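What follows is one structure encoded as structure tokens, with my remarks underneath.
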Amino acid sequence: MPASVTNFATHFFVTGEPMIYGADVAIVLVSLAILFVLTYFKKWKWLWKEWLTTVDHKKIGIMYLIAALLMMFRGGVDALLMRTQLMLPNGRFLQAQHYNEIFTTHGTLMILFMAMPFIFAMFNIVVPLQIGARDVAFPYLNAISFWLFFVAAMLLNLSFVIGGSPDAGWVSYPPLADLPFDRGPGENFYLLSLQITGIGSMATGLNFFVTIMRMRAPGMTLMRMPLFCWAVLSASVLIIVAFPALTAALALLLIDRVAGAHFFTMLAGGNPMMYVNLFWVWGHPEVYIVVLPAFGVFSEVVATFAKKRVFGYASMVASMMVITVISYLVWLHHFFTMGAGPGVNSFFALASMIIAIPTGVKVFNWLMTLFRGRIRLTPPLLWTLGFVPNFAIGGATGVMLAVAPADYQYHNSYFLIAHFHQVLIGGTVYGMIAGMYYWWPKVFGFLLGERLARHAFWWFNIGFYVCFLPQYFLGYMGMTRRIYTYPPGMGWTTWNFISTLGAYMMGIGFILIAANIVQSALHGVRDTTGDPWDGRTLEWSLPSPAPHYNFARIPTVHSRDAWWEMKEARRRGEPVQESTEPLRPIHMPKSSGRPFILSVLFFVFGFGMTFNWYVMAIIGLLGVGICLVLRSFEFDTDFYIPVHEIEETEAAYGRS
Amino acid sequence: MSVLEQRLPAVDTHDDLPLEYAHEDDALRIFGFWVFLVTDMLLFSCVFATYVILYRHTNMGPTPTQLFDVRGFTAETLILLTSSFTSGIGTYEMRRGHRGALIGWLMVTWILGACFIGLEVSEFVADVASGATMSRSAFLSAFFTLVGMHGCHVSFGLLWMLCLMIQLGVKGITHVTARKVFIVGLYWHFLDVVWVFIFTVVYLIGELS
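Here the protein sequences line up with chains A and B, keeping their order.
Per the working numbering, the very first residue in the first sequence carries number 265; after that it's consecutive.
Per the working numbering, the very first residue in the second sequence carries number 22; after that it's consecutive.
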């Protein structure tokens, strides 16, 4: 083999680590298995027609959900590798460089490729059904959002075996992430994959903002909207105002790296702190973007399983709006140590403390909803109840971190690590898993078995405390984040060992969730009524899974908890709307393969840019442009479902 | 528009509104585009903030005063502002249903936009030829990125307008093409507003400092 080819290959492919070779083999085997299964069962056409080209929000939601669970697995493996390395002093399990790469990909994957798709799964699955709409405002754009996320996730995960993973932390601060200190393609993988998924996220925020503002069923005023929709609305507003800052930060850093500019370099007048500010102008709203939908899930779950209206609906809405505004004004608390001066630090410290108040209001409202309710302790409620003490501790330590002078002590210590895992896992992950259990029957038509679900919850929940409470103490004892090993005799060994055990318990919890899904898919209870929980909001008025046009007749809403009111009216024997109105043809968007192709071309662009192969990048970008022009010239974008077809579908569901 | 659609009762059409707003679907897209403009405005404001932080960091290279050519940027400003005006006339003619006039005014807008891009590119080429490249100083990095980003937006708008002129020629003024022309007009005015800020923050303040 010529020397140049060998040289290229050793740089192109990651070499020298047995675990990486293992991953190479696993990737090849899994890919071959997927190809084989698709070909053997003749499923290619099905895959293309039903999934790759779909613009149906329910199917897009399912794909987001699967992707989020896969990425949670991937990020979770990273976490276990790190905890294994830190279990004992002088760990030799991972090299320093490998450890750097793993904590970088762990953070990036968990925030942008696990939390974001998980909330988008919930957005897509629930929002149109709850507001009585047939799809989102821009279904084609919705498909583009998903596929951009998907190819970006592939791009980032490719770095694992090709070129090398990013290693400058999930925040990727310059000057460390700038060219002189980080030459390899890893950092480019990070910048381009985040940029691509960021475009998709921004489009999703826009899409759901417009959907909720403009497509609610008649009679559903904003103050009659389910609280989950309010949560999505606030998160969408935050996406719209926060993501442009991420786009700017990443773009400028990329320009630094590929065009030799000096935004964030130490030379020629650059200012690295500008990146840090831009990053957190996005980054802090981002944590509220992922936690607000979880709050929305909790509101739905407590109301349903206490069989009561949510306590303090108006104050719930008001707190979410206050959080939305204030979360935009706290970003500097991530770097009080920048030394911005007492005035600036005081402002951000105060804002960070104030934001705990509306959050506290919400927690009290959930508790008051449960108070004297007729409680059914189902898995969704279990995760919700697990969330409350978690968030109370996480919130309290958050206020501790918000005290600027004290933050100089906590900054970058394990105390911080414990805090943000407590709010992000305890808030977002618990909320999303609660939502998954809650809406699973609506999406798939069967319930997830309760016995395994309880085991999963307790393993995960107890494991969580065993894992993260010791990290508060480690922080107090001076252990800083991102160190890959530590000497014995620091007094850290015991706590680290316990923490690692907790991490493995959480891993078992995750495996049990997966087992729960598999077991219930095979033997689960079918949901034949469409309303297995005796729900309160409109999605439960539909059969499970919902027909692709959702509502045969758009319902008219007269109050909050619209479906509950309809059921009450029916119990009282009052006439119901459904039987009185004739069916009309339904206007639906056509499927399109272009969102998928466009995203693949974005991948080509991103891959080319990552390796500075500009010809490839330009080809990708031109392809994207051609896709946009083709779309502009496409006029035949939607169709009508005729009445007889709706009648047949409804009859198949046993509804008239 | 499909045959079916014409036979349907016009529940979601409003005849009292201008054509581009008459269908619920089109009104939705116009609203969505306003929201998009919010994100784009915020993107620009982040880069503006970066420019304002960095524009004094000239690294002993060319300063704004040395670099900027008053006649060049004045001409660019006048041309772009005029193009915004002509695009407005285009929308006016569209509302009156004059397809020829609409295409004509879009053409004028397009030519003015192309002149603007031409001037900007020649300005950039001259700067680079004099050694003022992006990697010379933080000020120049920020200058080229901010102004270049606006230029890319304008160029994208030109491509877009070209597509619309063809569609207008083929399809005439329908509710779909009317909505598209209206949206590209919003985009064009937005870029004009951004340019007013570039003119003030970059060029005027640069000349004064």
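Backbone N, C-alpha and C fix where the C-beta goes; we use that ideal spot for every residue, glycine too.
Please read all numbers here as calculations on a predicted model, not as lab measurements.
Helix, strand or coil, according to DSSP, for residue i in the structure here?
i        : result
ARG790/A : strand
THR529/A : coil
HIS78/B  : coil
SER677/A : strand
PRO643/A : helix
PRO853/A : strand
ILE100/B : helix
THR154/B : coil
ASP288/A : helix
TYR904/A : strand
PHE710/A : strand
HIS812/A : coil
PHE402/A : coil
ALA277/A : According to the sequence as given, residue 277/A is Phe; it is not Ala. Strand, per DSSP.
ILE618/A : helix
Please list, in chain order, all residues of the same chain as residue i whose beta carbon is under 7 angstroms from its beta carbon, the five residues on each side excluded.
i        : result
LEU311/A : LEU302
PRO935/A : The first residue shown for chain A is 265 and the last is 920, placing residue 935/A beyond what the model contains.
SER808/A : PRO705, LYS706, GLY709, ASP791 and GLY794
PHE903/A : MET852 and LYS854
Between residue i and chain B, is there a C-beta pair that is closer than 8 angstroms?
i        : result
HIS526/A : yes
HIS908/A : no
THR511/A : yes
GLY837/A : no
PRO508/A : yes
MET489/A : no
PHE875/A : no
LEU470/A : yes
When the cut-off is 8 angstroms and only beta carbons count, does residue i lie next to chain A?
i        : result
VAL56/B  : yes
PHE155/B : Residue identity differs from the one stated: residue 155/B is Met in this sequence, not Phe. Judged by the 8 angstroms Cβ criterion, MET155/B is in contact with chain A.
THR71/B  : yes
VAL68/B  : yes
PHE160/B : yes
HIS44/B  : no
ALA163/B : yes
PHE52/B  : yes
CYS173/B : no
THR79/B  : yes
ILE124/B : no
Near residue i, what residues of its chain come up, given a Cβ to Cβ distance below 8 angstroms and the 5 sequence neighbours on each side ignored?
i        : result
LEU207/B : ILE51, PHE54, TRP55 and LEU58
VAL652/A : VAL627, TRP630 and LEU631
ILE237/B : In this structure chain B extends from 22 to 230, so residue 237/B is not present and cannot be described.
In chain order, what residues of the same chain lie with their CB nearer than 6 angstroms to the CB of residue i, ignoring the 5 residues before and after it?
i        : result
ALA31/B  : Low confidence applies here, because ALA31/B scores a pLDDT of 41, under 50, leaving its location unreliable and the question unanswered by this model.
MET386/A : PRO557 and GLY699
GLY524/A : none
What's the gap between the Cα of residue i and the Cα of residue j?
i        : j        : result
VAL555/A : ILE883/A : 39 angstroms
VAL921/A : SER457/A : Nothing about residue 921/A can be reported from this structure: the residues present for chain A run from 265 to 920 only.
GLY82/B  : PHE599/A : 32 angstroms
VAL129/B : LEU189/B : 15 angstroms
TRP797/A : PHE569/A : 8 angstroms
LEU516/A : ILE890/A : 26 angstroms
GLU26/B  : PHE165/B : Residue placement at GLU26/B cannot be trusted, given a pLDDT of 41 that sits under 50; the coordinates are not used to answer.
VAL425/A : SER151/B : 44 angstroms
ILE590/A : ILE619/A : 6 angstroms
ASN676/A : ARG745/A : 6 angstroms
ILE905/A : HIS851/A : 7 angstroms
THR369/A : ASN814/A : 38 angstroms
MET22/B  : MET115/B : Bear in mind that a pLDDT of 37 at MET22/B, under 50, signals an unreliable position, so the model cannot answer this.
VAL864/A : VAL391/A : 28 angstroms
Next on the checklist: Quick check: the stretch 492-499 of chain A against the stretch 80-97 of chain B, are at least 3 beta-carbon pairs closer than 8 angstroms?
Outcome noted: Judged by Cβ distances under 8 angstroms, the stretch 80-97 of chain B makes no contact with the stretch 492-499 of chain A, as fewer than three pairs qualify.
Item to check | Any 3 or more C-beta pairs closer than 8 angstroms across the stretch 350-366 of chain A and the stretch 749-762 of chain A | outcome: Result yes; three or more Cβ-Cβ pairs closer than 8 angstroms.
Next on the checklist: Quick test of the definition: if touching needs 3 or more C-beta pairs under 8 angstroms, does the stretch 369-388 of chain A touch the stretch 772-789 of chain A?
Outcome noted: The answer is no - the stretch 772-789 of chain A does not touch the stretch 369-388 of chain A, with fewer than three Cβ pairs under 8 angstroms.
Item to check | At least three beta-carbon pairs within less than 8 angstroms, the stretch 853-867 of chain A to the stretch 314-326 of chain A | outcome: yes
Checklist entry - Between the stretch 162-179 of chain B and the stretch 197-217 of chain B, do three or more beta carbon pairs fall short of 8 angstroms? => result yes
Next on the checklist: Quick test of the definition: if touching needs 3 or more C-beta pairs under 8 angstroms, does the stretch 463-482 of chain A touch the stretch 529-546 of chain A?
Outcome noted: Contact between the stretch 463-482 of chain A and the stretch 529-546 of chain A is not established, with fewer than three Cβ pairs separated by less than 8 angstroms.
Checklist entry - Touching or not, the stretch 406-414 of chain A and the stretch 464-475 of chain A, by the rule of three or more beta carbon pairs under 8 angstroms? => result yes
Checklist entry - Can you find at least 3 beta carbon pairs, one from the stretch 820-833 of chain A and one from the stretch 578-598 of chain A, that sit closer than 8 angstroms? => result no
Next on the checklist: Does the contact criterion of 3 or more C-beta pairs under 8 angstroms hold for the stretch 715-722 of chain A versus the stretch 771-780 of chain A?
Outcome noted: Yes, since at least three Cβ pairs between the stretch 715-722 of chain A and the stretch 771-780 of chain A fall closer than 8 angstroms, the two stretches touch.
Checklist entry - Are three or more beta carbon pairs between the stretch 635-652 of chain A and the stretch 667-684 of chain A nearer than 8 angstroms? => result No: the two stretches stay apart, fewer than three of their Cβ pairs being nearer than 8 angstroms.
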